[in-house]
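Written below as structure tokens is the structure these notes are about.
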Amino acid sequence: MKKWIPIATGLATGLLAATVFFADFSPGDRNEAIAESSKNKTNAEKVYVPFGEKDEYYLFASGGHSGQMFIYGVPSMRHIRTVPVFSPDSATGYGFDKHSKEMMGGFTWGDLHHPAFSETNGDYDGKYMFATDVGNSRAAVMNLETFTVKDIIDVPNTSGPHCAAFVTENTEYMFLPTRFAVPIGREYAPLDDYSEKYRGVMSAVTFDEKKEKLNIAYQVALPPWSYDLSDAGKKVSKDWAVMTTYNTEEATTNLEINASQADRDFIVLFNWKELEQMVKDGKYDEVTGQKMIFPEKHKGGMYLVPVAKSPHGVDVTPDGKHFIASGKLAPSMTVFSFEKAFKAIENKEFAGERNGIPIIKYESVMEKEVNPENALGPLHTQFDEQGMAYTTMFISSEIVKWDPKTGETLDRVPVQYSPGHSVAAEGDTVAPDGKYLIALNKIAKDSYLSVGPSHPESMQLIDLRGDKMEVIQSAPVNPEPHYAQMIKADKIKTITVYPKDEKNPDAVYSQEETRIERKGNEVHVYGIAMRSKFIFDAKAERPDQIEVKKGDKVFIHLTNIDFDQDITHGFAINGYDLNIEVQPGQTNTVEFTADKAGTFPIYCTNFCSALHQEMTGYFLVKP
Amino acid sequence: MAGKKLSILSSGLIAGAAVLIGSSLFFPWWGMEFFAPQYPEGLNIIVYPDKLEGEIDIVNGLNHYIGMKGFSEENFPELTYLKYLIGGLALLTLITAVLRRKKVLYFLIGLFSIGGLLGVWDLRRWLHDFGTDLSPTAPIKVDPFVPPIIGENTLANFITNSYLGTGSFLVLAAFILILIPLWKDR
Ligand SMILES: [Cu+2]
């Protein structure tokens, strides 16, 4: 009787301890029950993402001349965020704080074309997004942990990098070619000297991931033509890249007519490894501070491939073996073979040269011409997981699905209207997902509630999973959905709060450390924002006021000490044209001269709490 | 003589209790979880014998609206010496196991009980202090309140849940273990 008591109690105690240590009380996988039965779903169900669930893909759509990048979820097509890149944005304070203002370099707008993800082994790695500015010839990089722009550079000599950015298989380079030929250094030269003095410079831009800085490695002084679209090779063609060019007529006026005369224009085929080696070997000239390869002087690595006139798109197939180009005024797409091109180069099957660059014979590299009946204005091609091609037809307003191997037309679907580009899920990688394609339409008349003479543009989601392509959703969008990239959502790993950076001399992480330091006519404020107040100097009688003298140079370093998801604060000075943002944990700086005397209220612009309205202070400027 | 000496089994149980007490130092003893519509994932205050863990800054940030003092390790002097008290108790328990003397065991049980009660009293004192000594200038006025040591409490938009941590369970288990010899060797 006595003996079982300690044994039982011991067991019970052990059990108690074991339960505390090892028991798993976490709930089961609630997604288990969600199965795919897309065939029986209506279109509405196919795009419906219930609250609490998230989209399968991120869509990064270029914002064209808004200078911004639009982020959507696919398949819901819900607009999630606008990320300012080349244009100031008061919603996020972009272009007002020190870092973004410096990056803007005095420009107030940009024309964002062709976003491109960083890649590892030809697949999106979800780390960075690159973009270029046709309006002011710049390149930018966005960090995908925070969806903020980290660096913007001016790209001299390259004017209007329209077909950029396209990145090589391991993000070694992104190339920025010129759309508008200009003299080197943009110096004055009469248009009569166009063929001699003008150039279509292409820039090879590198990205230093550690420093998050863009750089120009070298440039190539291509002939004074317009370079339109481009793509980097993959796998067997990974050292190569292709881009289309028009106005090989070198017309200088009324291009609509004068650049549409020649029956054939070119694809520029180049080996960037070879160009890289040429630069290493000193085969370049130093021009405007850049290492520039002049094809007529430094031979090698570059070839021209004749293509149907005024081409737009050129896209490399996922296996890297072919590239497909289409003349935007011609009815057909042409499949070219990299292997054939390599052989032709080896055997020197050239039909002369232009500006020192050998022209490969069309017949030596062309594999087939594909001409779906009445399909007009082929612009741009994307691919699915089986390597099938989807080409946008600008003039006949449709997407044509076809087999690059046989040239057979497989399916066609009308879109409303005039698609420029399209984007398939990871459709320009070595491993496209299939599933979805989005047509980026230029014209949306009749489609949505009217907003006056200027209509929105539109994007249409096409389901690729069934036997027939099907448009399952249409969304009006801001100008201009020029090009987009679609990435699997789980590849992107965002952070929710900026980690403390104890080494940042501008950061203050506690109220007691806040202070205002004066050095001559400089005023340095080390302040904090927290729910729901500003503290600029904890020891002052009024910790939320900043007083300076007219003409003082003011530096406000503001740290958001709410290390709490989604608690962003803003900082605006009423009447002073200033507004910045501090995200959770972030330290941001605004720098300006107090050139107006007077009384200027300070307030938090980003709604943060029930007492957000009270989150204010005063900026006093003594005359 | 034999009647006064604890059996080998009892000595083993007490030694086991010493190990449990010692290991409790590495586990949280008490915690409080806060839920609100905006915080469905919950915010935590987790109390170890020598430190605080969890989303303390966020909880403090929110608590300042009702004028509650901020939680911080500096505010709780106990955290600097509690681990020595617990370590000492583990050592005493081990000594009891080695000595195998009933008298020492009675003393240990007495000490254990008093220590435990003091601990509970201290925790309640703090809860009372934080819940009732609210700043009179706080933007949101709430009635003074005392959260329970174990169980649910509702305050404004927050539902709080106080619970014992692994460390407390280990010590409870240790207490059961040192009580067993009272039966066994009676
Ligand atoms: Cu705020």
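Here the protein sequences come in this chain order: C and F. Taken in order, the first sequence gives residues 456 to 1078; the numbers are from this note's numbering. Taken in order, the second sequence gives residues 1008 to 1193; the numbers are from this note's numbering. The beta carbon of each residue, even a glycine, is placed where N, CA and C say it ideally should be.
query	result
Proximity test, F1062 (chain C) beta-carbon vs ligand 1 heavy atom, cut-off 8 angstroms	yes
Selected residue, minimal CA-CA separation from T699 (chain C), among C:A780, C:G518, C:V825	C:A780
Near-chain F residues of the region 1001–1018 of chain C (beta-carbon distance less than 7 angstroms), N- to C-terminal order	D1017, F1018
Closer than 9 angstroms to chain F by CB, L1066 (chain C)	yes
Amino acids of chain C, ordered along the chain, whose beta-carbon sits closer than 7 angstroms to that of P1056 (chain F)	Per Cβ cutoff of 7 angstroms: no residues; P1056 (chain F) is ~16 angstroms from chain C at best.
Pairwise C-alpha distance: L1162 (chain F) and G1174 (chain F)	27 angstroms
M657 (chain C) Cβ short of 8 angstroms to ligand 1 heavy atom set	no
I1028 (chain F), buried or exposed, once every other Cβ within 10 Å from all chains shown has been counted against 16	buried
Spatial neighbours of P1146 (chain F) in its chain, beta-carbon cut-off 7 angstroms, leaving aside the 5 residues before and after	Y1072
Beta-carbon neighbours of M985 (chain C), restricted to chain F and to distances below 8 angstroms	G1068
Which listed residue (C:Y845, C:E912, C:D1019) has its alpha carbon closest to that of G1061 (chain F)	C:D1019
heavy atom of ligand 1 below 8 angstroms from S545 (chain C) C-beta	no
Cβ neighbour criterion (16 or more within 10 Å) applied to S1079 (chain F)	exposed
For L599 (chain C), three-class secondary structure by DSSP	coil
Short CB-CB distance (under 9 angstroms) between E1046 (chain C) and chain F	no
Unbroken beta strand (DSSP E) run spanning I893 (chain C), endpoints	889–896
Segments assigned beta strand (DSSP E), at least 3 residues, entirely inside the region 932–991 of chain C	939–943, 970–974, 977–985, 988–990
Beta-bridge partners of G1074 (chain F), as assigned by DSSP	DSSP output for G1074 (chain F) lists no bridge partner at all.
Under the three-state DSSP convention, the category M843 (chain C) falls into	coil
Residue closest to V771 (chain C), alpha-carbon to alpha-carbon, out of C:M788, C:Y817, C:R970, C:S765	C:M788
Test: E957 (chain C) CB closer than 9 angstroms to a CB of chain F	no
Any non-hydrogen atom of ligand 1 within 8 angstroms of C618 (chain C) CB	no
Short Cβ contact (9 angstroms threshold) for P611 (chain C) with T707 (chain C)	no
Residues that D1064 (chain F) contacts on chain B, provided the C-beta gap is smaller than 9 angstroms	No chain B appears in the structure shown, which is made up of the protein chains C and F.
Chain C contacts made by the region 1140–1153 of chain F, where a contact means CB separation under 9 angstroms	P1146, I1147
Burial state of A894 (chain C), where buried means 16 or more other Cβ atoms lie within 10 Å	buried
Candidates C:S909, C:G1040, C:P869, C:Q841: closest to I950 (chain C) by CA position	C:G1040
Residue range of the alpha helix (DSSP H) that includes Y1088 (chain F)	1085–1106
Delimiting residues of the alpha helix (DSSP H) encompassing S555 (chain C)	553–559
CB contact flag (G889 (chain C), A899 (chain C), <9 angstroms)	no
With 16 other Cβ atoms within 10 Å as the buried cut-off, status of S1018 (chain F)	buried
Below-9 angstroms beta-carbon distance, Y1091 (chain F) vs any chain C residue	no
Secondary structure of P1188 (chain F), DSSP reduced to three states	helix
Cross-strand partners of I748 (chain C) (DSSP beta bridge)	C:V675
Chain F within 9 angstroms of I1069 (chain C), Cβ atoms only	The question names Ile, yet the displayed sequence has Glu at residue 1069 (chain C). By this cut-off, E1069 (chain C) is an interface position.
Alpha carbon of G1053 (chain C) to alpha carbon of I1001 (chain C), nearest angstrom	12 angstroms
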